[in-house]
Amino acid sequence: MRPEFCVQPGGLERVRKEQRKNVHAFIRGKTVEAPDDPGRPQSVYYNPYLYSTFVTSSGLPFMVLAADYAQIICDENTPHSVNLYGSVTLGPYQAPLCPHCMEEAVASPLHHRGQDGHEHLWMCGTCEHEFRSKKGATRFEEVPRTTEAK
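Written out as structure tokens, the structure is:
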């Protein structure tokens, strides 16, 4: 059985509304022995304040549809992380939620790389607010609007 990436819509809506964690996303599968040479991992994560699904961690966020194996790493020193191995199937690029109007999948990237190579700057297609994400951030930051000179 290949791992299934599950996000329950009701729980997702509740965590966004209440701004409190609740268990509503998980990876379903069975425990198996890891192959001797699993290949290069594809790192993925889930953050309900940013996306509605599991997405890739590096580069632009793409929806995770399937993988041969999922390795879930849980220890006291690092947040939970997930590495996928084998054949990994990615879905469409996932535009984030706008932190201002909370509309989903309406943002388009303005640029992809900051000084550290891990920053994205977005503009919402609904309310036209600009916001940024940085690697490791749990929420987006709004970019202050500049006032035009008269």
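In case it helps, the numbering used here puts the sequence shown at residues 1 to 150.
For glycine and all other residues, C-beta sits at the position ideal for the given N, C-alpha and C.
task: Determine the DSSP secondary structure at Pro9, reduced to helix, strand or coil.
output: helix
field: Per-residue DSSP class, three states only, for Ala105
entry: Low confidence applies here, because Ala105 scores a pLDDT of 49, under 50, leaving its location unreliable; read the following figure in that light. DSSP places Ala105 in coil when its eight states are reduced to three.
task: Compute the Euclidean distance between the alpha carbons of Asp75 and Asp68, then round it to the nearest angstrom.
output: 23 angstroms
Cβ-Cβ distance between Leu84 and Phe62 below 7 angstroms: no
field: Euclidean distance between Cα positions of Thr56 and Val64
entry: 7 angstroms
The region 31 to 46 / the region 8 to 22 touching (three or more Cβ pairs under 8 angstroms): no
- request: Please confirm whether Ala95 and Arg2 have their CB atoms less than 7 angstroms apart.
  value: no
query: Does DSSP put Val15 in a helix, a strand or coil?
result: helix
message: On the DSSP letters alone, give me the boundaries of the beta strand (DSSP E) that Phe62 sits inside.
response: 62 to 75
- prompt: So is Phe53 buried or exposed if we call it buried at 16+ other beta carbons inside 10 Å?
  reply: What sits at residue 53 in the sequence shown is Thr, not Phe. With 16 or more Cβ atoms within 10 Å of its Cβ, Thr53 is classed as buried.
- prompt: What residues match up with Thr89 in a beta bridge as DSSP calls it?
  reply: Ala66
query: Buried or exposed: His80, going by 16 or more other Cβ atoms within 10 Å of its Cβ?
result: exposed
message: Rounded to whole angstroms, what is the Cα-Cα separation between Cys98 and Trp122?
response: 9 angstroms
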